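> Quick one: the structure is below, questions incoming.
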Amino acid sequence: MRIGENPAKNIKSVAKPQRITIAVLSYIPFIGGYYSEALDVLKLCLESIWQNTDLSYDLLVFDNGSCDQVKEFLTKAQSTGKIQYLILSEKNVGKGGAWNLIFEGAPGEVIAYCDSDAYLYEGWLSACMKILETFPKVGMVTGRPLRTREELFSATLDWARSNRDVSLEEGMFISYSEYKEFTETLGYPEDKIKNLYETSHDFLIHYKGMKVFAGANHFQFVGWKNTLKKFVPFIMDKPLGQVLQLDQKMNEDGFLRLMTKKPFVQNMSNRVPSKSPVQRSFTKRKKLKNLAMVKKPLLWFYNKIFQLYFEK
Numbered sequence: 156m157r158i159g160e161n162p163a164k165n166i167k168s169v170a171k172p173q174r175i176t177i178a179v180l181s182y183i184p185f186i187g188g189y190y191s192e193a194l195d196v197l198k199l200c201l202e203s204i205w206q207n208t209d210l211s212y213d214l215l216v217f218d219n220g221s222c223d224q225v226k227e228f229l230t231k232a233q234s235t236g237k238i239q240y241l242i243l244s245e246k247n248v249g250k251g252g253a254w255n256l257i258f259e260g261a262p263g264e265v266i267a268y269c270d271s272d273a274y275l276y277e278g279w280l281s282a283c284m285k286i287l288e289t290f291p292k293v294g295m296v297t298g299r300p301l302r303t304r305e306e307l308f309s310a311t312l313d314w315a316r317s318n319r320d321v322s323l324e325e326g327m328f329i330s331y332s333e334y335k336e337f338t339e340t341l342g343y344p345e346d347k348i349k350n351l352y353e354t355s356h357d358f359l360i361h362y363k364g365m366k367v368f369a370g371a372n373h374f375q376f377v378g379w380k381n382t383l384k385k386f387v388p389f390i391m392d393k394p395l396g397q398v399l400q401l402d403q404k405m406n407e408d409g410f411l412r413l414m415t416k417k418p419f420v421q422n423m424s425n426r427v428p429s430k431s432p433v434q435r436s437f438t439k440r441k442k443l444k445n446l447a448m449v450k451k452p453l454l455w456f457y458n459k460i461f462q463l464y465f466e467k
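The end of the sequence shown is residue 467 by my numbering, with every number in the run present.
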């Protein structure tokens, strides 16, 4: 039998969520090896959000089964009011599984998503929001000009070419330095980066006094929640490698995929950049580890260890 009256009955109102939910996905199963700097990268990602976001927001962090050290950091950040919504998954449900929960459960009408290795520059959110609110039927806006696969934004090009109010230019508009800055974080050697740059080009869209690039990337994007919800659930049998489903489905449904004209976000990958605000010193990597005869067997051995202990 109930004893007394629930005090919550006397509460006349509850906190309303912000219009924008920033969502960050983290996964750090252990600290060491590939993940030796991953927690510092996550901290830097969140610091960039806290310091460089110029619009009101709630922060949602979805942790995809990280180790206790990461969970302790996130829990403490939530207890101090830096994280409004924290989801701690007991196991890794993959990026698609995390998106299923984020796209359905984020309380805001706008979702600003990024991986935990993204660094956001000052003004990033307002720049993305301006595009989202100006262009029609926008699926996602990425805060950096990149070169992505044309077949994943063909609907954007079709819209631009068929609209009298739109001007579309094709050419080499992204500088090599900006292209290299991002692409080298993917682990490509410089000769491959140069070849990719020289054999591709950009699509610049002019609309209502704004200039944006066609294309987007799922490592960071801003979109309407009602739009993103259309593409769940994601059925994936691997934690990574199948996330192009979002890009493909969005393009097939005719949604625009756009990017800002200037860089507002950078990929840090799995290590803290040497020019970052984090006060750490890193020794220069030796050329020995990049020799094919050394690199390939070491990476093979590392992957086997990871599969043995962390893949279920």
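Just so it is clear, CB atoms sit at the ideal spot from N, CA and C, and this is done for glycine as well.
Source: prediction; values computed, not measured.
Check each candidate in 452, 239, 282 and 314 and name the one with the smallest Cα separation from residue 210.
What you label residue 210 is simply residue 55 of the sequence shown in a count that begins at 1. Of the candidates 452, 239, 282 and 314, the one whose C-alpha sits nearest the C-alpha of residue 210 is 282.
> Would residue 411 be called buried (16 or more neighbouring beta carbons within 10 Å of its own) or exposed?
Taking the sequence shown and counting its residues from 1, one reaches residue 411 at position 256. Per the 10 Å Cβ criterion, buried.
> On a CA-only basis, which of 367, 338 and 314 is nearest residue 406? Give me that one, please.
Residue mapping note: residue 406 aligns to position 251 of the sequence shown, counting from 1. Checking every option, the nearest Cα to that of residue 406 belongs to 314.
> Under 8 Å: do the segment 415-423 and the segment 321-341 share three or more Cβ pairs, one atom per stretch?
Contact holds: three or more Cβ-Cβ distances are below 8 Å.
> Would the beta-carbon of residue 203 fall within 7 Å of that of residue 274?
Along the sequence shown, one-based indexing puts residue 203 at 48. Along the sequence shown, one-based indexing puts residue 274 at 119. Yes, the Cβ-Cβ distance between residue 203 and residue 274 is below 7 Å.
> For residue 289, report the span of its alpha helix (DSSP H) as first-last.
Taking the sequence shown and counting its residues from 1, one reaches residue 289 at position 134. Here the alpha helix (DSSP H) through residue 289 covers 279-289.
> Counting pairs of beta carbons, one from the segment 236-246 and one from the segment 183-195, are three or more of them closer than 8 Å?
The segment 236-246, when compared against the segment 183-195, does not touch it at the 8 Å Cβ threshold.
> For residue 300, does the count of other Cβ atoms within 10 angstroms reach 16, so buried, or fall short, so exposed?
The count along the sequence shown starts at 1 and reaches residue 300 at position 145. Residue 300 should be labelled buried.
> Less than 7 Å between C-beta atoms, sequence neighbours within five positions excluded: which residues of the same chain meet that for residue 248?
Mapped onto the sequence shown, residue 248 falls at position 93. Contacts found: 219.
> Counting pairs of Cβ atoms below 8 Å between the segment 300-310 and the segment 379-388, do you hit three or more?
They do not touch, by the three-pair rule.
> Contact between the segment 352-371 and the segment 219-228 is defined here as three or more beta-carbon pairs at a separation below 8 Å; is this criterion met?
Verdict: no, contact absent.
> So the candidates are 245, 266 and 347; which of them puts its Cα closest to the Cα of residue 174?
Locating residue 174 in the sequence shown gives position 19, where the first residue counts as 1. Of the listed residues, the one whose Cα sits closest to residue 174 is 266.
> I need the boundaries of the alpha helix (DSSP H) containing residue 195, first residue and last residue.
Looking up residue 195 in the sequence shown gives position 40. Where residue 195 is concerned, the enclosing alpha helix (DSSP H) stretches over 193-207.
> For a minimum of 3 consecutive residues, which ranges assigned as the beta strand (DSSP E) are wholly contained in the segment 321-391?
Complete beta strand (DSSP E) runs here, min 3: 321-326, 357-362, 365-369 and 375-379.
> Assuming residue 259 and residue 387 make a contact with CB atoms under 8 Å, what is their CB distance in whole Å?
Within the sequence shown, residue 259 is the residue found at index 104, counting from 1. Within the sequence shown, residue 387 is the residue found at index 232, counting from 1. Their Cβ separation, rounded to whole angstroms, is 6 Å, which keeps residue 259 and residue 387 in contact under 8 Å.
> Consult DSSP for residue 218 and reduce its assignment to one of helix, strand or coil.
Within the sequence shown, the letter at position 63 stands for residue 218. Of the three classes helix, strand and coil, the one that applies to residue 218 here is strand, per DSSP.
> Quick one: Cα of residue 261 to Cα of residue 242, how far?
For this step, residue 261 is matched to residue 106 along the sequence shown. For this step, residue 242 is matched to residue 87 along the sequence shown. The straight-line gap from Cα to Cα measures roughly 11 Å.
> Mind checking which residues open and close the beta strand (DSSP E) that includes residue 426?
For this step, residue 426 is matched to residue 271 along the sequence shown. That residue, residue 426, is in no beta strand (DSSP E); it is neither H nor E in DSSP.
> Mapping the DSSP letters down to three states, classify residue 294 as helix, strand or coil.
In the sequence shown, the residue the question calls residue 294 occupies position 139. In the structure shown, residue 294 sits in a strand (DSSP, three-state: E or B).
> I'd like the span of the alpha helix (DSSP H) that includes residue 399, first residue to last.
The count along the sequence shown starts at 1 and reaches residue 399 at position 244. Here the alpha helix (DSSP H) through residue 399 covers 399-407.
> Specify, as a first and last residue, the run of the beta strand (DSSP E) that residue 225 falls within.
On the sequence shown, residue 225 is found 70 positions in, with the first residue counted as 1. Taken as a continuous stretch (DSSP letters only), residue 225 belongs to no beta strand (DSSP E), being part of the alpha helix (DSSP H) at 223-234.
> So residue 368 packs on residue 279, CB below 8 Å; how close in whole Å?
On the sequence shown, position 213 is the one that residue 368 refers to. On the sequence shown, position 124 is the one that residue 279 refers to. 15 Å between Cβ atoms; not a contact.
> When you compare only the Cα positions, how much space is there between residue 401 and residue 297?
Here residue 401 refers to the residue found at position 246 of the sequence shown. Here residue 297 refers to the residue found at position 142 of the sequence shown. Whole-angstrom Cα-Cα distance: 14 Å.
> Over the uninterrupted alpha helix (DSSP H) stretch that includes residue 415, give me the two end residues.
Taking the sequence shown and counting its residues from 1, the one referred to as residue 415 is at position 260. Looking at the DSSP string, residue 415 is not in any alpha helix (DSSP H), and its letter there is neither H nor E.
> For residue 213, does the three-state DSSP call read helix, strand or coil?
Numbered from its first residue, the sequence shown carries residue 213 at position 58. If DSSP states are grouped into helix, strand and coil, residue 213 belongs with the strands.
> Closest to residue 416 by CA distance: which of 207, 310, 333 and 158 is it?
For this step, residue 416 is matched to residue 261 along the sequence shown. Per the Cα distances, 333.
> Which same chain residues, not among the five before or five after residue 213, have their C-beta less than 8 Å away from its C-beta?
For the purposes of this step, residue 213 is taken as residue 58 along the sequence shown, with counting starting at 1. Closer than 8 Å at Cβ, skipping near neighbours: 172, 173, 175, 176, 177, 239, 240, 262 and 263.
> Suppose you measure from the CA of residue 413 to the CA of residue 294; what does that come to, to the nearest Å?
Numbered from its first residue, the sequence shown carries residue 413 at position 258. Numbered from its first residue, the sequence shown carries residue 294 at position 139. Cα to Cα, residue 413 sits roughly 8 Å from residue 294.
> Using a 10 Å radius around the Cβ and a threshold of 16 neighbouring Cβ atoms, would you call residue 310 buried or exposed?
On the sequence shown, residue 310 is found 155 positions in, with the first residue counted as 1. Looking at its Cβ environment, which holds 16 or more other Cβ atoms inside 10 Å, residue 310 is buried.
> For the candidate residues 389, 408, 287 and 328, whose alpha-carbon lies nearest to that of residue 256?
Residue numbering aside, residue 256 sits at position 101 when the sequence shown is read from its first letter. Looking at the Cα atoms, 389 is the closest of the given residues.
> Go through its chain and collect everything with a Cβ distance to residue 372's Cβ below 7 Å, but skip five positions before and after it.
As a first step, residue 372 must be located in the sequence shown, where it is residue number 217. The residues are 297, 301 and 303.
> Round the Cβ separation of residue 251 and residue 156 to the nearest angstrom and send it over; I've been treating them as touching at under 8 Å.
Position 96 of the sequence shown, counted from the start, is the residue given in the question as residue 251. Position 1 of the sequence shown, counted from the start, is the residue given in the question as residue 156. Incorrect: roughly 46 Å between the Cβ atoms, too far for contact.
> Please identify the residue among 322, 217 and 185 whose C-alpha is closest to the C-alpha of residue 244.
To locate residue 244, count along the sequence shown from 1; it is residue 89. Looking at the Cα atoms, 217 is the closest of the given residues.
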